[in-house]
Structures are given as structure tokens and as C-alpha cells.
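Peer 1:
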Amino acid sequence: MKIGDRWIGQAKNANEATPRTQHPIQGRHAVLYVSRNGTLTLAYQNEAGAWHTTLTSLNEWSSSDELLTYAAMGDEAGYLMLVTYDQRCRFRIYGVTINWNTTQQSKNNTNFVSIAPVLDIRHLTILDGIMPQQGDAKLSVLKVLPKVPDSVPSEVPIATTILAVFTSATLHQAAFSVIARWYPEAEVPVLHECFSKTKGNAAISVEQLVVTRLKRQEDILTAHLPMTCELYNHATTMIFGNSDGTAELRERSTWTAAAAFGDTSMASSLSQSSLTFDNATAAASTPDCAVNANGGFMIYEKPNGQLDTRYVTLRYGWQTLHDGISDTKAVIEAAIICLAREFAILCGQNAASDEILALLPPDISPDLRVLFLKQTFRTMCRVLDVSMLDQSRQQSVVLRESIHLRPLSAQMVLGTKSSSQGSCAERTFAGQFAYVYLNMRLISMAFAQSFQASNRTAELVHSLAGLVRWTNDLQFYMVDTLLELHRLGIETGSEDVTTRLSRTISETGNPTLHLLLCGFPRVLLRMQSAILPTYYKWIQVTLQQSRELTIAQRQDLEDLFQRAKDMPFLVNQFSELVTDFDGAVRNAYQEAGTNSERRTELEISMMTEGTIPEELQPAVSALFQTILPKLRENTDEGKLYFWDTEWLGISTAVPEKQYDAIRKVPLTRGMKLRRCRRCGAEMGDIPADTNRQGPDWLRNTQRHCFCQGAWWPLG
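Just so we're aligned, residue 1 is where the sequence shown starts under full-length UniProt numbering, counting upward by one.
#1: Among 643, 242, 40, 581, which has the Cα closest to the Cα of residue 621?
#2: From residue 652 to residue 413, what does the alpha carbon distance come to, in whole angstroms?
#3: Between which two residues does the alpha helix (DSSP H) carrying residue 479 extend?
#4: Note down, in chain order, each residue of its chain lying with its Cβ closer than 7 Å to the Cβ of residue 46, except the 5 sequence neighbours on either side.
#5: Please give me, in chain order, every unbroken run of the beta strand (DSSP E) with length at least 3 that falls completely inside the region 559-583.
#6: Taking its Cβ as the centre, do 16 or more other Cβ atoms sit within 10 Å of residue 544, making it buried, or is it exposed?
#7: With DSSP as the reference, please indicate the residues paired to residue 257 in a beta bridge.
#8: Could you tell me which whole alpha helix (DSSP H) segments of length 4 or greater appear in the region 629-664?
#9: Helix, strand or coil: how does DSSP classify residue 70 here?
#10: Would residue 89 and residue 128 qualify as a contact pair, given that the criterion is a beta-carbon distance under 9 Å?
#11: Going by the CB atoms, is the gap between residue 229 and residue 245 shorter than 9 Å?
#12: State the start and end residues of the unbroken alpha helix (DSSP H) segment that holds residue 445.
#13: By the 10 Å Cβ neighbour count, where 16 or more other Cβ atoms means buried, how is residue 385 classified, buried or exposed?
#14: DSSP puts residue 240 in a beta bridge; with which residues?
#15: For the pair the region 303-323 and the region 276-287, tell me if three or more CB-CB distances fall below 8 Å.
#16: Along the chain, which unbroken stretches of the beta strand (DSSP E) at least 3 residues long are found entirely within the region 67-130?
#17: How would you label residue 1, buried or exposed, when you count the other beta carbons within 10 angstroms and need 16 or more for buried?
#18: For residue 120, which residues in the same chain have their Cβ closer than 8 Å to its Cβ, ignoring the five residues on either side in sequence?
#19: Exposed or buried, which one is residue 639 when buried takes at least 16 other CB atoms within 10 Å?
#20: Would you say residue 227 and residue 144 are within 9 Å of each other, going by their C-beta atoms?
#21: If you run the structure through DSSP and keep just helix, strand and coil, what is residue 683?
#22: Assuming residue 222 contacts residue 297 under a Cβ cut-off of 8 Å, what Cβ separation, rounded to an integer in Å, is found between them?
#23: Out of curiosity, what's the CA-to-CA distance linking residue 714 and residue 663?
#24: So which of 613, 522, 589 has the shortest CA-CA distance to residue 499?
#25: Could you check how far apart the C-beta atoms of residue 113 and residue 102 are, in whole angstroms? I think they sit under 8 Å.
#26: Quick one: is residue 493 buried, meaning 16 or more other Cβ sit within 10 Å of its Cβ, or exposed?
#27: What do you get for residue 146, buried or exposed, if any count of 16 or more other CB atoms within 10 angstroms of its CB means buried?
#28: With distances taken from CA atoms, which of 64, 109, 58, 66 is nearest residue 94?
#29: Out of curiosity, what's the CA-to-CA distance linking residue 18 and residue 77?
#30: Strictly by DSSP, which residues pair up with residue 212?
#31: For the alpha helix (DSSP H) holding residue 24, just list the boundary residues, first then last.
#32: Just to confirm my understanding: we take residue 473, look at its own chain, exclude 5 residues before and 5 after, and list those with CB closer than 8 Å. What are they?
Right, dumping it as C-alpha cells:
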């Protein structure tokens, strides 16, 4: 909801009793299905992961006419409602409860949960003559739509609904479909008043029997042939995928067509924000189709058997109209906010979330891109401000907080030109900042896991060599950038200098200053600087004592150790710079009296736009006037100037070699590779046997790229 100039998101819980249908053991799965002969089967995994089944019969069958043709299930107040449809055109309604019978057991000093599930079936009602009143049509879709929670805004309460779509498609008449609906209602039968006049005054205790009745609603006639229908927008809207490739939305409160335009101060769904399918460009016919959970994409089958996709577009286009008649600015803003909301929801449910990013136009304006990123950060991130915490707590908070990686991954993708990928990608400031930070985060997590390991093997020490080199060279890159700004005469924190700094950062896209200004990367820089001296001691001990190293591994460690001796400045000197600047940022915030909410907004603006807030100008002044000159006195600027940092992938220069995105080592010719489906980075494919025996940090990073994207094997 938009309040003033800000969009405020409110998270709500349904406050409904969760149906006891989920598998009680975390990480284990179960499947419930119905066979044509009326057998209900529960397939489930036990504590060891092995699959088992338990089954029961729904009813006794007397003829082949009672074979089932359709079945559907849905949650209903603590149990599953099961609806079956047979060849006699008859509904049977059941209530299904799964009693998991969990017990705590112990074996080999390990505690685990054991299950022995039992299916409990209750017959609720039966209804004959389930067919449309308009012509001869056959059932094509059967669904049980759950009740909409009271916490979800709706014009009227929406109860559990049994939905059936009957379709007629013949050669001699126009095709049509009938959408039929029933509301299941529980009732207590009441005796007729005449029974109260019977003789006998003694009170008779009679258990009241609750029965279920189906109340049919008015049928809906449509000229389309729905192939699929799905719920979205908190189960308040139905989207029908039709055989002609079109998509039709209906509100469950009225079952009328959903409006493709709504209040521009609200962003509750794609359709409400004018993001709809363009039915004018739909395929002529499709044998089958499916719609995703948020109603943004449709995948359909062409007559030749090939699959294709359609996606929603903004009804009025992404370009603001200035014709003096139409004002689409508010519509575009609401659509961007809605996409940010959907991206946040999808990130919380799935590992992949690229489909929402694909809905944004490739030529989206910088202002709209920033609006999308800012709203994503505000919606998803619980903690972004750590500047005022104790240094001992800062590192713990930054390493535990992981949800911020999703919006930063989107920031890197949106900040990368579509024609460039991999190590020489051309990025904006926002893209460069996200690229560097995501790599820093990967390396910091590897360091945190490795330096807590009790078994420090030679293989572990060697596996970290590329990460250590990347970390060292990033420090040299940052100091070289700061000294270049210093040489240009930027030595004070006045307004004029701040303007010049902002212009330089905007022109070059260099994220160095903001890696220090923003709290999360500053904490990681300090952490890495503290770890590096310990690692170089590890190298020295490993080279002297270990006999496990191969000749190539020993040469790699010797080369890295020699580079450490030739560095332009010492690692602890860079650590002092970061620590001193961290204190300057803390003092600047305290003197300005900046509260937590304001600091969070400043963090988001600095990460996405590269702004230098007025509150931190004293800290920037201290950096160039006091802190940096102190490091410069002990820096060999000649070495620093000629130090090779192009391989880091921050600049647009093409490096001489291609490097592994995870291990930060050169990729060799003929090596089997994986490629990230999101950012295009590549890594060497490690065989499963080798990976199982490798260091823990390397096993944990094999699943996803540093940008959180999934790997795709090449060759």
C-alpha cells in the first residue's frame, strides 16, 4: 500500500489451523493419490528415506459404471476433502485424515522420529446427476478450491468450493464450456415440530449427526475451452488457460472477469496492477497448457508438439505517456512495486526466481530499476544496518543473514548489460557492487567454515589459495582506486567534493568507496583482513611439514607465499584502514543523530544508487584527509599501480585467462565445465567422488553460483 511517497508492505499470517496432512519428518515427502478402482494410496518416506505405501478402499463397487474418471483433493479445516466423479456422473465426497502415529526412537545414540501412518476415511455425502443443464458436455476439469482465510481482504467471505468444468467441442456446433460450482455446507438435521408432541416427558439424549450438503451455484457459460485452472493471489482469483491460448481471470468473490486495472495505491496481484496476458497474440490452438503460481507465465503445447511460453505484459506499456490526456506514471510505478512483491514472495518459496526478472523490460529506465531493487530490499531484508553494533556482533549478524543475497543477485543481473556475461561483463555501479559483494560473501563463508575446522589438511590449505589471492587483489584494487581519487585532488568532504565523487562513481561504476561506506561489505573486509595472516602461516607450516602435496600444489602455495612477500602494503595495514573508517562511520551517524530506520534507507540507497549521504560526509572527509594518507605512507605505489587486478572481473577488460567462479583458479583447456544460468559465470565440474572427499566449503558451494543461480553442465 502506498502511503505518501512510500510503499509499505504488511505481512499477515492466516491464523488458521494447519491441516495435519504434511509429512511430520523434515526433509521427507509423501504422495496421496486415487486409482480408478477407488483405492486411496499414501506413498511416504520413512525416517531413512525409503518409500512405503499404505492404502484403503473408498467404497464397495458393484459395476464398471462406478469406475472413477476424475478425482480432486483440497484442504478443509484440519482434513482433506476428496471428491470423486464416476461414469454414472456422480459425486462422492470424503473426508480424509492422515494419522501419522509418530514415535520418538533412538538407535546407535541417534534420536529420530518413526512413523506408521493410517488413513481415516469418512463418507460425507453423495450427489447424483452431476452434469450441465446446457447441452451435452463432458467433465474436463475438477478442482477443490480451499476457503480463503479471514485475514485476506475480500468483498465477501469465500468458502470452500468444488469446481467442475464441462466442455462441449463437436464438429457441428460452436464449442462452449460450463463452469459449475458447489459449496459444501455442514448442517444438523432438525426434527419436524410434530415429533415434539409425542407422549412421554422423559428427556431423551440423542447424539446430533452432522451431515454435509452440496449447494449448487448458478452455472457460468463461456465460449472458451479451459484446459487448466489455477488459484493465485491468496486463492482469491482463478486463472483459466484456454485451448485457444488465451488466459481468463475470474474473481472468486463474484466469479466475474477480473479487472485488468485497479487502485494505483495498491499492489496485490499482477492483474490488479495491469499486468495481464495479451490475448490478441495468443496461439490459434493448443492441445494443453499450464499457468505458474502467480499467473505471470503460461507454457503451452503447439499443434506440432513443441512447447512455448507466454507471459504477462503491462497493459499500457512501460513508457510514460506525456500526451496531456493519459497519465501512466502511477500505473507503471504500481506495476514495478507489484513485481518486486512477487519476486520477494517467490524467493521465499523457490530456489529459482528468474521468471519475475524476465517480466521486466530489457530497456527499463534506471529510475524504475532502482525502484524495483529498493522495494525488494525493503520487502525481504530484516537486517541491513550493522554500523552501530559492537564489532564482535557485526560479523555474526552478517554471516547469519542470508536473505539479502537474493535482492543483491537480482541487482547484479539487472545491472549487467544483456549482451555481456561472465568475467568481462559490462555492469553499472549497482551491478559492480553486487558482483563484488556476492564474491566477498562466498569467500567469507568459505573462510568461516575452513578456519573452524579441526582437521587442517594440506588439501584444505591448497583449496583456499585462489580465494586468498582474490581477496588480496581486491584490497589492492580498492586502495589503488582510493589513491587515484586522492591524486585527483579529492581530499576534503565538502559539498563540491562530494558532487565530484558522485560524478566519478557514476561515470566509472567503481564500487570501492561504497564497499567501505556500506555496513555488510565493510564487516566482511575486516573479517577477511584478520584471517589472511593466519592463512599465510598455514602455508608456511604446510610447505615445511606436509608430504601430501603434489608438485603442482606445492608450486601453487610457494608462488602465493612469494606474492605475499612482494605485496605493495601489509594486510594488517589495510585492516587498520577498515577499522578506522568503521569508527568514523559510527561517529558520523552518532553526531547526525541518525536513527535505525534512516540508516537502513541510507544503506539501500548507497547499494542501489551509489549515493553519498550527507550524514556520512564527515566519514568520507576523514578517509581522504587522515585514514588513507596513513596507509599511503607505507605503500609502494609503483608496485600497486602495476599490480594485475583485471582478473577479478570488476573492470570490463578481458583477462588473459578464464577463471573458475568459485575456486578462483584458471580454467584449463579441455576441462569439463558448468555455467551459471543466471549470470553466465563458469566453474570446473568436480566429479562426485572427488567432491565428497574434498573440503567442506567446496562441497557446500557446488550447489549454486556465487550469484545464487543454478549451474548448467556444459558438454
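Ideal Cβ positions, reconstructed from N, Cα and C, are used throughout, including at glycine. In this text, all values refer to a predicted model and were calculated from it rather than measured experimentally.
Peer 2: Answer, in terms of the structure:
#1: 581
#2: 16 Å
#3: 465-487
#4: 52, 115
#5: none
#6: exposed
#7: 250
#8: 637-642
#9: strand
#10: yes
#11: no
#12: 429-450
#13: buried
#14: 229, 248
#15: yes
#16: 68-76, 79-86, 91-99, 103-107, 110-114, 118-127
#17: exposed
#18: 96, 97, 98, 99
#19: exposed
#20: no
#21: strand
#22: Contact flag wrong, Cβ pair sits at about 22 Å.
#23: 18 Å
#24: 613
#25: 5 Å
#26: Only weak support is given to the placement of residue 493: the predicted model assigns it a pLDDT of 48, under 50, and the value that follows is read from those uncertain coordinates. Per the 10 Å Cβ criterion, buried.
#27: buried
#28: 58
#29: Note that residue 18 scores a pLDDT of 49, beneath 50, so its modelled location is shaky; the value from the coordinates is reported in the next line. Cα-Cα distance, rounded: 8 Å.
#30: 186
#31: Element bounds for residue 24: n/a, residue is neither H nor E.
#32: 643, 644, 645, 647, 648
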